[in-house]
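Visitor:
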Amino acid sequence: GNVEAYAVSEYTRWDLRARWQSPDSSLRVTGYVQNALDQAALHMWSPREGIASPFGTIVEPREFGIQISWQNKND
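Going by my numbering, the sequence shown opens with residue 1, and the numbers climb by one from there.
(1) I need the boundaries of the beta strand (DSSP E) containing S46, first residue and last residue.
(2) DSSP three-state label for Y11, please.
(3) Can you give me the Cβ contacts of H43 inside the same chain, cut-off strictly under 8 Å, excluding the 5 residues immediately before and after it?
(4) Return the chain-ordered list of same chain residues with a C-beta closer than 8 Å to the C-beta of A18, the five sequence neighbours on each side being excluded.
(5) From which residue to which residue does the beta strand (DSSP E) around E63 run?
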């Protein structure tokens with residue numbers, strides 16, 4: 001089973017993505033949101049033993065963006 005010293009609290013993370021494509025498929029627009037709830041949490045935790053420093057990583061903060069792709073269909 002899990003070792004209690006290494007346990008991290010549960011959290012909810014929503015990553016969303018939506019895409020639109022033109023009828024001739026020459027233009028694509030994609031929007032995304034990662035960690036939509038912007039919840040801060042430990043992703044991984046290692047307490048280490050002895051004189052070693054503890055090590056852990058946190059969940060990345062909310063990120064959002066847009067990607068636009070165009071392809072010339074006349075070639």
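By construction, the Cβ of each residue, glycine as well, lies at the ideal position given by its N, Cα and C atoms.
As the structure is a computational prediction, the values presented were derived from the model and not from experiment.
Guide: In this structure, then:
(1) 42-46
(2) coil
(3) V8, G56, T57, I58, V59
(4) T30, G31, Y32
(5) 63-70
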